[in-house]
Structures are given as structure tokens and as C-alpha cells.
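Taken in order, these protein sequences are the chains called A and B. First residue of the first sequence? That's 1 in this note's numbering, and the numbers climb one at a time after it. First residue of the second sequence? That's 1001 in this note's numbering, and the numbers climb one at a time after it. I have placed the structure first, in the form of C-alpha cells, so that the comments after it can refer back to it.
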Amino acid sequence: DAKTTQPPSMDCAEGRAANLPCNHSTISGNEYVYWYRQIHSQGPQYIIHGLKNNETNEMASLIITEDRKSSTLILPHATLRDTAVYYCIAEAKAAGNKLTFGGGTRVLVKP
Amino acid sequence: EAGVAQSPRYKIIEKRQSVAFWCNPISGHATLYWYQQILGQGPKLLIQFQNNGVVDDSQLPKDRFSAERLKGVDSTLKIQPAKLEDSAVYLCASSFRDRVENIQYFGAGTRLSVL
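Structure (C-alpha cells):
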């Protein structure tokens, strides 16, 4: 499995952009990067995914470096409801597209 | 569109008792997953079904855990007998089969406490 490394926690000010880094230096060329988040007492929620190009949807933007060894999830205007654990996952094509969750980054949005 | 449904939301049992969890995936999703999430950790895959067949159960403790998806839709996960270390949230997820990407949609989970 392609392993990912994320900081265990980070704080963010409400209304500011939150930039969440992820390292996935062993990812293969055809393996996607996925981001999920998990708000307290809920199941993980899909946010966004990407392969090579930067991606944007209504929730967030995903910036993937050209060498694909790292990516950054951007929450453009963080709100208190964005407080959650954010998981960066590199899929494992050799294991049937398996998604392996690590410890994630605990993001606390402060007023 | 209805999401992944799980029941019950909470369950408290004593060790050595048995327990079962139920999952109804999103309509049309051929792939179904059961995860175990221990407090403070990320979810860990227990078993993956493709329709009613098992694709991956390498992380399932088969001496006490079992799962089935008889008609390729609903699924049940059973623990018999339960141990204290089985206290966790059990999450069900589903995804389409014939897609390049593997976007999984999760239910709210069942929180199990074993006393």
C-alpha cells in the first residue's frame, strides 16, 4: 500500500483558508489520492480525489505536486463545522483499489 | 439519494455475548465494505464484498467475526463471542463496481461497547 503521512493536528481560524498537507511519496502513477473527513460521531465523508491534475469542487480544492509525492487539501473559507479529522488516502491498485486509512489530521477551527 | 443505512446506532453487550449489525448500501452499489474503527484510530477494513462474493477478508478475525451478503444487497456482520477489545464503531461503506475511482460512501456506524 502507498503510505501517507499527515500532521496529527492543526488549528485554523474561522473564515481563513485551511491548508492540509499530505505526503504520499510511494504512490504509483495510476493511483488516486482521496480525501475524507470525519466529524465527531459520524461516518467518514468523501471530500475530493485526484490523480495528476488539481481538482476543485464545492467543498474543497486539491493541489497535487507535479511529482505526485505530496498534495494539499484546501478549505477556502473554514467554518466551525469544518472541525473534523481529515484523512488523506492513497489507493492501492495492487490490492483491488483498497483504501487504507491512517491516523489523519485533527483540524480545529477556532472562532 | 438515500445514503448507506446502518442499524442499530448503539449496542451495549457483555463479553462472550453475540451481536449483529445490519447494513443497507446505496442502491446500485455492488461493492460493500465493513470497517472497524477503534477510538482515536482510522477505520480498518474488515471485509469487502463484490455483489454477494467476498473479495477481501484478510483482516477479519474469522474465529469470532462473520459477515454475509446473501442477495448482494443488504449485509450483516456478526461477532460471536464478543471480547472487550471488540469495543469500537463498525462502519459500513459502499461503492460502484465499474468505476476507475473507488469513492466509498459511509454510513453513520454502529457504536459497540463490550462490558
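Even for Gly, the Cβ is constructed at its ideal location relative to N, Cα and C.
Query, Result
"Terminal residues of the continuous beta strand (DSSP E) containing residue 1096 (chain B)?", "Careful: residue 1096 (chain B) lies outside any beta strand (DSSP E) and carries neither H nor E."
"Taking residue 1044 (chain B) as the reference, give the member of B:1093, B:1103, B:1005 with the closest Cα.", "B:1093"
"Name the chain B residues whose beta carbon is nearer than 7 angstroms to that of residue 99 (chain A)?", "1102, 1104"
"Just curious, the beta strand (DSSP E) that residue 110 (chain A) is in, first and last residue?", "105-110"
"Between residue 75 (chain A) and residue 11 (chain A), which are expected to be in contact by the criterion C-beta below 8 angstroms, what is the C-beta distance as a whole number of angstroms?", "Not quite, the Cβ-Cβ distance comes to about 13 angstroms (not below 8 angstroms), so this is no contact."
"Residues of chain A with a CB under 8 angstroms from the CB of residue 1056 (chain B): which are they?", "95, 96, 98"
"Can you tell me whether residue 1009 (chain B) is buried or exposed, with buried defined as 16 or more other CB within 10 angstroms of its CB?", "exposed"
"Do the region 1068-1084 of chain B and the region 80-95 of chain A make contact, defined as three or more Cβ pairs closer than 8 angstroms?", "no"
"Under 8 angstroms between the Cβ atoms of residue 1112 (chain B) and residue 1011 (chain B)?", "yes"
"Using a Cβ-Cβ distance cut-off of 8 angstroms, determine whether residue 1041 (chain B) contacts chain A.", "yes"
"If we call anything under 8 angstroms between Cβ atoms a contact, is residue 1077 (chain B) one with residue 1021 (chain B)?", "yes"
"What residue ranges within the region 25-76 of chain A form continuous beta strand (DSSP E) runs of no fewer than 3 residues, ordered along the chain?", "33-38, 45-50, 61-64, 70-75"
"For residue 1042 (chain B) and residue 103 (chain A), I'd like the C-alpha separation in whole angstroms.", "5 angstroms"
"Quick check on residue 93 (chain A): does DSSP put it in helix, strand or coil?", "helix"
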